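*Asks:* The numbering of the sequence shown is my numbering, which starts it at 89 and goes up by one. Don't be surprised by glycine CBs; every beta carbon is placed ideally from N, CA and C. This one's a predicted model, so the numbers in the text were calculated from it and none came from an experiment.
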Amino acid sequence: MSRKQPIYEGKAKVLYEGTEPGTIIQYFKDDATAFNAQKRGTIAGKGVLNNMITEFVMTRLAEIGIPTHFIRRINMREQLCKKCEIVPIEVVVRNIVAGSMAKRLGLEEGERLPRPIVEFYYKDDALGDPLVSDEHILALGWASAEELEEIVGMTLRVNDYLCGLMRGIGIKLVDFKLEFGRVWEGDFMHLVLADEFSPDNCRLWDAVTNEKMDKDRFRRDLGGVEEAYQEVARRLGVLPESADIESLNKDK
Ligand code: UDP
89 MSRKQPIYEG
99 KAKVLYEGTE
109 PGTIIQYFKD
119 DATAFNAQKR
129 GTIAGKGVLN
139 NMITEFVMTR
149 LAEIGIPTHF
159 IRRINMREQL
169 CKKCEIVPIE
179 VVVRNIVAGS
189 MAKRLGLEEG
199 ERLPRPIVEF
209 YYKDDALGDP
219 LVSDEHILAL
229 GWASAEELEE
239 IVGMTLRVND
249 YLCGLMRGIG
259 IKLVDFKLEF
269 GRVWEGDFMH
279 LVLADEFSPD
289 NCRLWDAVTN
299 EKMDKDRFRR
309 DLGGVEEAYQ
319 EVARRLGVLP
329 ESADIESLNK
339 DK
């Protein structure tokens, strides 16, 4: 049997050709990067936990009618997804001021926004994913007006749903990043939520202590990174049984 063919290796995942036409396999690595890959490291067991957390979130979102690329989890580190053409925009939603928004606008981290803010970043590592407006997206043809409207609508629904879901397990959803893709069925195209949803691409604060439970622990050298990812998985009810770091570290 021949090994699957990698299509693309990113910072936290490897994409392989899927086992069925029109599919890909997402393999979740333990590698972590921050500050446009200037900081690198590994978070033991992260790939397994992000695979489980993404499966859980994508499944819940599909249940409320958000179309996603997720098909099924294959094993501890891999999931089968629909192949799609990624829209080259990172969509960030913010409920509470943090990270680059705090820095850019000189605001205090932790200030709750009067309403969620949606931001767009152009996906280009060489440029450091610059902040762009809808005007840039439309004028430069990265997405059509109809697509952008649908993307913003879906993003706000995802935010509403996930804010409630996280609140129910004592977590504040501060901000997160989504990616969308185009799936073709014959001559028809539809948008799907793609990529992943995990503590790698959102900010999660404990509702009582405000303790960070996401990649900021790695970015800011706060320690307890593995434990934070495990705690999120545990509260969501998806922490694998007997999940000690050793067993999570195994390949599959
Ligand atoms: N984010 C991401 N990938 C990126 C940039 C940001 O997943 O390339 C996520 C990040 O984890 C956070 C949110 O998007 O949950 C907002 O990030 P921000 O703009 O504050 O940038 P950061 O401080 O992460 O550089």
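Count the other CB atoms, across all protein chains shown, that sit within 10 Å of the CB of Y96; report buried if there are 16 or more and exposed otherwise.
*Replies:* Numbered from its first residue, the sequence shown carries residue 96 at position 8. Flag for Y96 reads exposed.
*Asks:* State the Cα-Cα distance for the pair K134 and G258, rounded to the nearest angstrom.
*Replies:* Position 46 of the sequence shown, counted from the start, is the residue given in the question as residue 134. Position 170 of the sequence shown, counted from the start, is the residue given in the question as residue 258. Whole-angstrom Cα-Cα distance: 21 Å.
*Asks:* So, at 7 Å on beta carbons, what are the nonlocal neighbours of M89 in its own chain, with the 5 sequence-adjacent residues on each side left out?
*Replies:* Numbered from its first residue, the sequence shown carries residue 89 at position 1. Since pLDDT at M89 reaches only 48, below the 50 mark, its modelled position is unreliable, and the value read off the structure follows with that caveat. No residues qualify anywhere along the chain.
*Asks:* Using only the heavy atoms of the ligand UDP, determine whether one of them is closer than 7 Å to the beta carbon of A186.
*Replies:* To locate residue 186, count along the sequence shown from 1; it is residue 98. Yes; taking the cut-off as 7 Å, the Cβ of A186 has a heavy atom of the ligand UDP nearer than that.
*Asks:* Compute the Euclidean distance between the alpha carbons of C172 and G106, then round it to the nearest angstrom.
*Replies:* Translated into the one-based positions of the sequence shown, residue 172 becomes position 84. Translated into the one-based positions of the sequence shown, residue 106 becomes position 18. If I take the Cα positions, the gap works out to 12 Å.
*Asks:* Can you give the Cα-Cα distance for V180 and R245, rounded to whole angstroms?
*Replies:* As a position in the sequence shown, residue 180 is number 92, starting the count at 1. As a position in the sequence shown, residue 245 is number 157, starting the count at 1. Approximately 13 Å between the Cα atoms of the pair.
*Asks:* Below 7 Å CB to CB, which residues in the same chain sit around K211 once its five sequence neighbours on both sides are set aside?
*Replies:* Sequence index remark: in the sequence shown, residue 211 carries index 123 (1-based). If we look at K211 and ignore the five residues flanking it on each side, its Cβ neighbours are P176, I177, E178 and D217.
*Asks:* Within its chain, find whatever has a CB closer than 6 Å to the CB of I161; leave out the 5 residues flanking it on each side and keep chain order.
*Replies:* Here the question's residue 161 lines up with position 73 in the sequence shown. Sequence inspection shows Arg at residue 161; the Ile mentioned does not correspond to that position. Closer than 6 Å at the Cβ level, and outside the excluded window around R161, lie E143 and Q167.
*Asks:* Measure the alpha-carbon distance for V240 versus E207 and round it to whole angstroms.
*Replies:* Within the sequence shown, the letter at position 152 stands for residue 240. Within the sequence shown, the letter at position 119 stands for residue 207. Going by the C-alpha atoms only, they are around 10 Å apart.
*Asks:* Excluding the 5 residues preceding and the 5 following M146 in the sequence, name in chain order all residues of the same chain whose CB lies nearer than 6 Å to its CB.
*Replies:* In the sequence shown, counting from the first residue as 1, residue 146 sits at position 58. Cβ within range, chain order: T156 and F158.
*Asks:* So, with DSSP's three-state summary, where would you put H224?
*Replies:* Within the sequence shown, the letter at position 136 stands for residue 224. Correct three-state label for H224: helix.
*Asks:* May I have the straight-line CA-CA distance separating T111 from R307, to the nearest angstrom?
*Replies:* Counting from one through the sequence shown, the residue named residue 111 turns up at place 23. Counting from one through the sequence shown, the residue named residue 307 turns up at place 219. Cα-Cα distance, rounded: 33 Å.
*Asks:* Restricting to Cα atoms, I'd like to know which of E319, D248 and L103 is closest to K170.
*Replies:* The residue labelled residue 170 in the question sits at position 82 within the sequence shown. When each option's Cα is compared against that of K170, the closest is L103.
*Asks:* Mind checking whether the beta-carbon of C251 lies closer than 7 Å to any heavy atom of the ligand UDP?
*Replies:* Position 163 of the sequence shown, counted from the start, is the residue given in the question as residue 251. No - the ligand UDP has no heavy atom lying nearer than 7 Å to the Cβ of C251.
*Asks:* Name, in chain order, the residues that DSSP records as bridge partners for W293.
*Replies:* Counting from 1 along the sequence shown, the entry for residue 293 is found at position 205. Note: W293 sits in a beta bridge opposite K260 and K300.
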